[in-house]
Amino acid sequence: MELQPQLVANWHVTEACNYRCKFCYAHWSKPKASELWRNNAACRLLISELGRFLSPDNPLWEQRFVRRPRLNIAGGEPTLWAGELSHVVDHAVAAGFDVSLITNGSRPETLRNIASRISMLGLSVDSTRCDGNLRIGRVDRKGAQIGSDDLIDLVRELRTANPTLQIKLNTVVNAVNAEEDFSALISHIAPDRWKALRMLPSYNDELTVDEAKFERFVSRHAAFRRILSVEDNPSMVQSYLMIDPHGRFFQNRLDSKGYYYSEPILDIGVERAFAQIPFSIDRFLARYQPLESAS
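This is the structure we're talking about:
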């Protein structure tokens, strides 16, 4: 039976990260206020407002969703602050969300502590080689990185802690990894979903990859069509529902670098803030079509 679509809000709770990926999207124009998740009361209020707004009963969604919404926690790297992350997860569950998390996997203890409370874990995997991670910037200040064997062991452990946990891998296809073959890693981890995104030059053009190389990367991994979803640059615009660390909706630009921003949600209300950024339900739903169905 086909799974019903689910509305997903991506809250990028922090810009801070222990890695320095050269194509990082997590840069936002900074207001004077600090990151909202550091304020527990404001965090709870924002999540409550989002839960009400994202209800499938909201006419804005044109009866396209029947499942309860999912709050996807992203960064930066959210696991650097275990206490704040735990509070966000608890507030989201209380507000009726399914909860997912995007992480680089560098804080396994934090992941073990929240594994039973989330429905999906997204792991950012941008190279299968140590030198590739180094060139991309997926290393900390001491040069430490998460290798393929580390990821395999981590996923095995988290699935043991939560047998219903869905695993998703996210790969930003760029000039460093465009010729790599991820087949062995994907086969070992056996994720429920693998997303390949062509690098979007949100803030710089370093490590960009042309369309032909991106298409070759996708073709090289055609054996994983059942779980693979593909996002080229145009499909990433107006198709994500995103909140920045300061509680503003934001949206990708295709014609220039940077983002569109709304005013802070808690200042003007979630409905007015949402109306200030472009978002397409059809584009959102198109991202959740696997390559096999889209062909």
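Using my numbering, you'd call the opening residue of the sequence shown number 3 and step up by one each time.
Just so you know, even glycine gets a beta-carbon here, dropped at the ideal spot from N, CA and C.
A Cβ-Cβ separation of about 33 Å leaves E51 out of contact with V232 under the 8 Å criterion.
Between the alpha carbons of I229 and P247 lies a gap of roughly 30 Å.
Closest option to L87, judged by alpha-carbon separation, among I116, G98, N106, G124: I116. Taking A96 as reference, the option from E111, L113, P71 with the minimal CA-CA separation is P71. The beta carbon of R222 is closer than 7 Å to those of D183 in its chain, skipping five residues each way along the sequence. Checking the DSSP bridge columns, you'll see V95 has no partner listed. Of the other Cβ atoms in all chains shown, 16 or more fall within 10 Å of the Cβ of R140; this residue is therefore buried.
S118 places its beta carbon 8 Å or farther from that of A84. Secondary structure remark: continuous beta strand (DSSP E) runs of at least 3 residues inside the stretch 52 to 108, in chain order: 72 to 76, 100 to 105. The shortest C-alpha to C-alpha distance from L38 to any of L9, Q147, V90, S57 is the one to V90. Looking at the DSSP output, K24 sits in no beta bridge, so it has no partner there.
Spanning the alpha carbons of L136 and E79 requires a straight line of approximately 18 Å.
Spanning the alpha carbons of R131 and T210 requires a straight line of approximately 19 Å.
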